[in-house]
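**Student:** Before anything else, here's the structure in question.
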DNA sequence: GGCCAGGACACCA
DNA sequence: TGGTGTCATGGC
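In the working numbering, the protein residues as written are 1156 to 1352.
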């Protein structure tokens, strides 16, 4: 059954690849920038998150120390285009602090450690693990659920059900995980009018 | 002009 | 566990 899923998933992957080409996620110059982007894009169009990141970059606040030293009001102004700017200001600060701890001790955070950080849920944690720390965690988002529903792969309400489905069906290939999730997002953007929910 | 983005969390029953 | 409200800007 795992084999069947694998065959099916890989076939769909090839189709997406052929249709959309290489995505090369995550666009960022540093590990910290990936993490910041993961917070800023929560329930937000990436274009808007990108503007906020550009503002942070221009203000030279795109490193954990500078960001932590920036007053909340100032930070809110810089990230305003990404929406939810008050929440995200708080979340950026809490994750910046945790990031410094991870850097100092010299090894990557576990999923549970990330989930303990305020403002980091399952999708954000997996995005950070996959795209910032290059570990084989499959990222599940709204598009992935629709994708699974559309192709009758899996029907569930639980994040972890989807995560296990992909991780147990696919070979633990980091590049594959990164590219597959990115392609599903592209697929979702194109098909969003085709069906609802 | 309404709808919704690469979610998370608090609160309630 | 399951349902609902809140957070907020900008593109289409």
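Ideal Cβ positions, reconstructed from N, Cα and C, are used throughout, including at glycine.
Would you kindly work out how many angstroms separate the C-alpha atoms of residue 1351 and residue 1295, rounded to a whole number?
**Tutor:** Along the first chain, read from residue 1 onward, the residue named residue 1351 stands at position 196. Along the first chain, read from residue 1 onward, the residue named residue 1295 stands at position 140. Annotation note: pLDDT 43 at residue 1351 (below 50); position unreliable, no value reported.
**Student:** Name the residue from 1278, 1257, 1167 whose alpha carbon lies nearest to the alpha carbon of residue 1195.
**Tutor:** As a first step, residue 1195 is located in the first chain; it is residue number 40 there, counting from the start. The candidate whose alpha carbon is nearest that of residue 1195 is 1278.
**Student:** Candidates 1200, 1255, 1240, 1306: which alpha carbon is nearest residue 1168's?
**Tutor:** The residue labelled residue 1168 in the question sits at position 13 within the first chain. Among 1200, 1255, 1240, 1306, the Cα nearest to that of residue 1168 belongs to 1306.
**Student:** Measure from the alpha carbon of residue 1255 to the alpha carbon of each residue in 1308, 1269, 1182, then state which is nearest.
**Tutor:** Looking up residue 1255 in the first chain gives position 100. Answer by Cα proximity: 1269.
**Student:** Could you say if the region 1281-1288 and the region 1183-1199 meet the contact criterion of at least three C-beta pairs nearer than 8 Å?
**Tutor:** Short answer: they touch.
**Student:** Assess contact between the region 1328-1337 and the region 1306-1317, defined as three or more Cβ pairs (one per stretch) separated by less than 8 Å. Is contact present?
**Tutor:** The answer is no - the region 1306-1317 does not touch the region 1328-1337, with fewer than three Cβ pairs under 8 Å.
**Student:** By Cβ distance below 6 Å, which residues in the same chain neighbour residue 1320 in space, the five residues on each side in sequence not counted?
**Tutor:** The count along the first chain starts at 1 and reaches residue 1320 at position 165. So the list reads 1309, once near-sequence residues are dropped.
**Student:** Rounded to the nearest angstrom, what separates residue 1280 and residue 1347 at their Cα positions?
**Tutor:** Working through the first chain from its first residue, we reach residue 1280 at position 125. Working through the first chain from its first residue, we reach residue 1347 at position 192. Taking the straight line joining both Cα atoms gives about 25 Å.
**Student:** Taking residue 1187 and residue 1218 to be in contact with their CB atoms under 8 Å, please state how far apart those CB atoms are, rounded to whole angstroms.
**Tutor:** Position 32 of the first chain, counted from the first residue, corresponds to residue 1187. Position 63 of the first chain, counted from the first residue, corresponds to residue 1218. Rounded, the Cβ-Cβ distance is 6 Å, consistent with contact.
**Student:** With burial defined as no fewer than 16 other Cβ atoms inside 10 Å of the residue's Cβ, what is the status of residue 1252: buried or exposed?
**Tutor:** On the first chain, position 97 is the one that residue 1252 refers to. With fewer than 16 Cβ atoms within 10 Å of its Cβ, residue 1252 is classed as exposed.
**Student:** Please go through the region 1265-1336 and give each complete alpha helix (DSSP H) segment of 4 or more residues, from N-terminal end onward.
**Tutor:** 1266-1271, 1277-1282, 1297-1305, 1314-1324
**Student:** Please classify residue 1204 as buried or exposed, where buried requires at least 16 neighbouring CB atoms within 10 angstroms.
**Tutor:** Counted from its first residue, the first chain places residue 1204 at position 49. Looking at its Cβ environment, which holds 16 or more other Cβ atoms inside 10 Å, residue 1204 is buried.
**Student:** Let's see if you can read the secondary structure: which residues bound the alpha helix (DSSP H) around residue 1249?
**Tutor:** As a position in the first chain, residue 1249 is number 94, starting the count at 1. Segment 1240-1260, the alpha helix (DSSP H) holding residue 1249.
**Student:** Does the region 1228-1236 come within contact of the region 1197-1216, defined as at least 3 CB pairs closer than 8 Å?
**Tutor:** The region 1228-1236 makes contact with the region 1197-1216, as at least three CB pairs between them are under 8 Å.
**Student:** So for residue 1352, helix, strand or coil by DSSP?
**Tutor:** Taking the first residue of the first chain as 1, we reach residue 1352 at position 197. Note that residue 1352 scores a pLDDT of 39, beneath 50, so its modelled location is shaky and nothing firm can be said.
**Student:** Rounded to the nearest angstrom, what separates residue 1300 and residue 1317 at their Cα positions?
**Tutor:** Here residue 1300 refers to the residue found at position 145 of the first chain. Here residue 1317 refers to the residue found at position 162 of the first chain. Going from the Cα of residue 1300 to the Cα of residue 1317 covers about 8 Å.
**Student:** Please report the Cβ distance between residue 1246 and residue 1273, rounded to the nearest whole angstrom; I am assuming they are in contact, meaning their Cβ atoms lie under 8 Å.
**Tutor:** Position 91 of the first chain, counting from 1, holds the residue named residue 1246. Position 118 of the first chain, counting from 1, holds the residue named residue 1273. Their Cβ separation, rounded to whole angstroms, is 7 Å, which keeps residue 1246 and residue 1273 in contact under 8 Å.
**Student:** Which residue from 1243, 1343, 1291, 1341 puts its Cα closest to that of residue 1263?
**Tutor:** The count along the first chain starts at 1 and reaches residue 1263 at position 108. It is 1291.
**Student:** Please report the Cβ distance between residue 1243 and residue 1249, rounded to the nearest whole angstrom; I am assuming they are in contact, meaning their Cβ atoms lie under 8 Å.
**Tutor:** Looking up residue 1243 in the first chain gives position 88. Looking up residue 1249 in the first chain gives position 94. Wrong, their Cβ atoms sit about 11 Å apart, outside the cutoff.
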